[in-house]
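Comments concern the structure below.
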Amino acid sequence: MKASPFQYHRPQTREELGAMLAHLENAKILAGGQSLMPMMNLRVIAPDHLIDINRIPDLAGIRETTEGIEIGAMTRQADVLASPVVRSRLPLLARALEHVGHIQTRARGTIGGSCCHLDPSAEQPAVCATLDAEFIVSGPDRRRIIPAGEWFEGLLQSALGDQEFLEALRFKPWGKGHGHGFAEYARRHGDFAIAGGAALLEADKNGRISRAALLSFGVESAPRRLPDAEASLIGRPIDGIDLEPAVAAARALDAMADVQVTADYRRHLAGVLIRRALEEARTTLERRS
Amino acid sequence: MSGRFFGTAITRVEDARLLAGKGHYVDDIELPGMLHAAFVRASFAHGRIRTIDVSDALAMPGMAAIYTMADFADIAQGPMPPMAPHPLLKTPITYHPLADTEVRHVGEAIAIVLADTRAHAEDAAAAVTLDVEHLPAVSDAVLAREASSPKAHSEHPSNIVATMAAGFGDCAAVFAKAHHVLTEHFDIHRGGCHAMECRGVVANIDLLSDALTISTSSQSPYMVRRHLATYLKRDENDIRVMTPDVGGGFGPKANVYAEEFAVALAAIKSRRPVKWIEDRQEHFVATTQQRGQVWTLDVAFDNDGRMRAIRGHCIHDNGAYAPYGLILPATALASFPGPYALEALDLSVDVVLTNLVPTSPVRGACRPNVAFLLERLADRVARHLGMDRQEVRRRSFVRAEQMPYATGMKARDGSPISYDSGDYVAALNLVLDKIDAAGFEARRAEAKKRGKLRGLGIASCVEDTGLGPFEGASVRVTPAGKVIIATGASSQGQGHRTAFAQIAADALGVELEDVTVEAADTAKFPLGISTIGSRIAVTAGSSVQLAAHKVRAKAIAFASHQLEVGEHDLELEGGAVRVKGIREMKVKLSEIARVLAGNTGMTLPNDMEPDLAATAYFNSNALTFAYGANACEVEVDPDTGDIRVDRYVVVHDCGNLINPLIVDGQIRGGIVHGIGNALFERMIYDEEGQPLTTTYGDYFLPLASEMPRIEVHHMETPSPRNPIGVKGAGEGGTIPAAACVISAVEDALGPKGPFIPLHPISSQHVVQWLAAIDP
Amino acid sequence: MTERSVTFTLNGERREANADPRMHLGDFLRHSLGLTGTHIGCEHGACGACTVIVDGAPVRSCLMLAVQIDGCTVETVESLGKPGELSPLQQAFATNHGLQCGFCTPGMLMTLEAFLRVTPAPSEQDVRIAISGNICRCTGYQGIVQAALDTASARANQS
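As structure tokens, then:
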């Protein structure tokens, strides 16, 4: 199918983009297009205006700053995956990106686009939530930082205001040698995950867990941290952690049902996958001798 | 059959062009003044159209015209002619080219919109408003069969379109004396076509001669011509139908479609060329599919595992129309008893209308359904008796020494079906050997150490191929020494051109590059039937053989006269007829062709007929039976329920192989299609007949990442029923594949696991089943 | 809708053309530029038949707008090999019977062309994952996978 008619705009600067967002009604930002264009070609959405931000300089790029690693919203997923900085400092993100779509998708798709579109089973928003990323947002008057905990407002709904756009994501990497684990299940490679889990662990010099992040995604309409299960890991010896609270917490989520799977199965998978993610985090956690 | 080329794995002559991006598919056709069409399609499953308002739509940019059925009244009226009349279908149930008043499935075409671009046509189509009286719809065939169900066609008192039956022997007696009787219920779902190229039609009327030319991505160009000629009350000679390169057919492109008629009518009415290219959304709702059959079967068997008789009943989802008659359910019945030597059979099928897009054959037609039923029953018998699954087959199969074996069934034309040749037990034994079934338990144990459940599955099948009546071919040598083959047989990727070139090159002693094939153009060859049912190698291939040998005989006769040498001393090689042992003593084929093409004032030698050419039609009046045995291994992840097909081995006998590369490709592609049916493809509708899986995000085709390597071993028992000894190979991969995979999953779940009587199955099923075994 | 001028490099040649912003790149290549080798299979970014290479990366041309290739380098299936001579990858497809109807083939070729440039020694599983965004209904994939592996190992032997 062909997309419905629209006006095409190509701002060259952030200011132009801001002005367009302020004045154009029923407008959509075109970033990588891997989620937007299918919906437009299927006539599921019909924006009157399409704002192509691919030419705005400096919206892409991976920068190490004193406040963390900043990844520009327009950074292509393929570039995030290939980045040595990401692989060494944000290994969870690299792990997750292996599951994102296919070669063609990652060539054009952007990390920012995925984090604004917020498909419940999307890997990148899930990793952002696990890493407590900060969303750097620009609007007509100001820039603001939205913490991950406040970014997810509902199904396919981010905290972006009408006239705002996502500039960058900022990650505070976990310590050197931290444990990271990622698991998702889909029937075919690159499919939307039916469910997934992510886990991060840090240990102190006594070999006890000092920090934990556990997350289930694809289960509820937004990714969910499992704070009680995280708390239950603190202070436990690395090889003595109990996986069951995480599994139970994942299984207790208010899982979605759809035409393909039941909520029960999704909950079951959530438990299986958080277990796998946590086991992988434990295995990758460097032991200090 | 042997020769330089027959039987060799030559790379295809089709490939260079296709690899270079120089294929010519229907959407590549551009004609001056061409209009692009989009259809207004029903978004509801059942209703009567009160009014159609096109006024807003007509005012939109780029618009040329919008037509409904009423607008064609001066050209033609009424429902389309039936493709496959059947005595049980007293009144054919076919579409009108555009919906008449009552619409009976989501996706049915209501109006055709013509504009300067497809995008503009779609914009206008979206602006057409309909006033519809909604009628109740039924989407489940089992419900539709009940008298209380909504009627898919408001004027039909019942949704049961026909009840078909088949069988032989005395079932009551055999069941009465059998040691065991079991009953099982089966739920078989097959999916859609999903050729990577959707359908498409370009129609053009010559403004001077009024001749109509159609290019269509079809498996049946001659049927399109015939039925369009009937409908338009034109001579077939005034209609030319061609198929360009076709990007896959798989069955559904064999139908004659409403859109083909609507586009032709639009071209006639508008006096402009009209192109319509189906998009994938339309493919999901307007191209025929297979969907569901629900079977209840009783099997009678003995303590030694010998299956003796089967009886039962099927409810068959026909969809809202029967453009292909009753061929699909008929094929289900006719595919019994498969490889099994049954004493009695008693089956009936209720063909039921639903408010969904019609069903018609998809790769294998209902043969995969029947293979699934028979193979599941055999596994069930084994499970009940605590026997090896293979033993049940060995006891129950038709034996090689029984060939030719009259099964007891009758073909479409009423003649008795008899298997010509084959050794089903040998095929099964060979596949078990090749997959190293003996070593399987060790592999199962090793998988268990990795936390996986490994299973071995088997499935056998027999496939009727070479369906009649005929195809034809002409072979001509040109004065330049080139060989031109013309045939009505259409191709959708099967490598026919290469196969035919191999046959002709062998017969005439030329190189493959010297042979050109012109196919599926009604202006270039007078008659054709359809590329379906694995029939073209048998019919068209044999025709090429016969025609080429007539040309060969003529060339030899000419040379014999010219060289004054006995015919038995001559052979064809290197583009010439040569004396055996004295190569240089020759007459070139090009020279013979030139002479036989005549010249002013020249008499043809020896009273020979002009033209170094011949035409032949091979009339296949007896089916020839390919068969095979498959074995596969799967691994199940007990936590996620994931099912991975890890190994797949095929033993297949399709008689002589014209080109092993091509045959292996057909088998592998067919198996992957069958794995798709087993584990992935499900077309889901809601109770109101709304399709819920209409993108590739919801409907899952098998991808490279999940498919195994497929090992193919051939047994070649030449068919005695045609001059080249071949049997069809296009569907033999798909037919047993789903049964094989399901058998393997069942084996993986173990004896405490369920008997699996359905497909597709999913990881969710597996988790539920495992939970039931071990809560 | 007003057309926009786009300037780009297409199969090694600098080109300038006008594009309707509404038109996707696949349609633009096929109908505006007459390069019909790229095929449209689904228009919703799943089948991969429309894959071309833009600035070195394989992309789904149905999900890019034609106007977005301004300043880009575009390669389509027509750029492979030389006139009258198939590239080694194309030849490997023929040898391994990696195509039947040919419709998915240009997309497969361009995905593999881009992939093999950056992954010169892939395993079979690497190849299968690389083409998991390209659907074939005819071949069962084995011939395609083998063609890619043969091409990679032939290149490795040459260097």
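Chains as they are written, first to last, in the numbering used here: chain L, 1 to 289; chain V, 290 to 1064; chain H, 1065 to 1223.
A virtual CB, placed ideally from N, CA and C, is assigned to each residue, including glycine.
The structure presented is a predicted model; accordingly, all values stated were derived computationally and were not measured.
By the CB criterion at 7 Å, Ser704 (chain V) and Pro693 (chain V) fall outside the cutoff. The Cβ atoms of Asp795 (chain V) and Gly292 (chain V) lie closer than 7 Å to each other. At a cut-off of 7 Å between C-beta atoms, Leu118 (chain L) does not count as an interface residue with respect to chain H.
Our two residues, His102 (chain L) and Gly1197 (chain H), have alpha carbons roughly 5 Å apart in a direct line. Where Arg515 (chain V) is concerned, the enclosing alpha helix (DSSP H) starts and stops at 510–521. According to the DSSP assignment, Glu1000 (chain V) belongs to the beta strand (DSSP E) that extends over 999–1003.
Cβ contact annotation for Ala1194 (chain H) (same chain, cutoff 6 Å, sequence separation greater than five): Phe1179, in chain order. Look at Pro91 (chain L) here: in three-state DSSP terms it is helix. At the C-beta level, Ile382 (chain V) and Ala611 (chain V) come within 7 Å of one another. Met996 (chain V) belongs to the set of residues whose beta carbon lies under 7 Å from a beta carbon in chain H.
Listed along chain H, no residue sits closer than 8 Å to Pro57 (chain L) by beta-carbon distance, the nearest being about 13 Å off.
Gly755 (chain V) is outside the set of residues whose beta carbon lies under 7 Å from a beta carbon in chain H.
With a beta-carbon spacing of about 42 Å, Glu664 (chain V) and Ala775 (chain V) fall beyond the 8 Å limit used to define contacts. Using a CB distance cut-off of 7 Å, Cys1106 (chain H) counts as an interface residue toward chain V. The Cβ atoms of Thr505 (chain V) and Arg529 (chain V) do not sit closer than 7 Å to each other.
Between Gly396 (chain V) and Val574 (chain V), the C-beta gap is smaller than 7 Å, which places the two residues in contact. Counting C-beta atoms within 10 angstroms of its own C-beta, Arg330 (chain V) has 16 or more neighbours from the protein chains shown and is therefore classed as buried. At least 7 Å separates the beta-carbon of Gln579 (chain V) from that of Val513 (chain V). When Cβ-Cβ separations below 7 Å define contact, Ile274 (chain L) makes no contact with chain H. Measuring C-alpha to C-alpha distances from Ala222 (chain L) to each of L:Met74, L:Cys115, L:Phe135 identifies L:Cys115 as the nearest.
Against chain L, the CB of Thr929 (chain V) has a partner CB under 7 Å away; the residue lies at that interface. About 6 Å separates the Cβ atoms of Ala353 (chain V) and Ala404 (chain V), confirming a contact at the 8 Å cut-off. In this model, Ala809 (chain V) and Val44 (chain L) are separated by some 39 Å (Cα to Cα).
Chain L places no beta carbon closer than 7 Å to that of Val1209 (chain H), leaving this residue out of the contacts. Annotation for Val766 (chain V): Val772, Leu878, Ala882, Leu901 place their beta carbon closer than 6 Å to its own, counting only its chain and skipping 5 residues before and after. For the stretch 1175–1187 of chain H, no residue has a beta-carbon sitting nearer than 7 Å to a beta-carbon of chain V. By the Cβ-count criterion, Pro533 (chain V) is buried, with 16 or more other Cβ atoms from all chains shown falling within 10 Å of its own Cβ. In this structure, the alpha-carbon of Val868 (chain V) lies about 35 Å from that of Lys813 (chain V). Rounded to the nearest whole angstrom, the CA to CA distance from Glu280 (chain L) to Gly181 (chain L) is 5 Å. Contact between Leu253 (chain L) and Arg267 (chain L) holds: CB atoms are separated by about 6 Å, below the 8 Å threshold.
Put simply, of V:Thr418, V:Met290, V:Gly322, V:Ile401 the residue whose alpha carbon is nearest the alpha carbon of Ser344 (chain V) is V:Thr418. Boundaries of the alpha helix (DSSP H) harbouring Asp953 (chain V): 949–968, taken from the DSSP string. The stretch 1043–1058 of chain V makes contact with the stretch 960–971 of chain V: 3 or more CB pairs, one atom from each, lie closer than 8 Å.
For Met40 (chain L), the uninterrupted alpha helix (DSSP H) segment begins and ends at 36–41. By the CB criterion at 7 Å, Val272 (chain L) and Asp928 (chain V) fall inside the cutoff. Comparing alpha-carbon positions, the option among V:Glu856, V:Gly761, V:Val840 lying closest to Thr820 (chain V) turns out to be V:Gly761.
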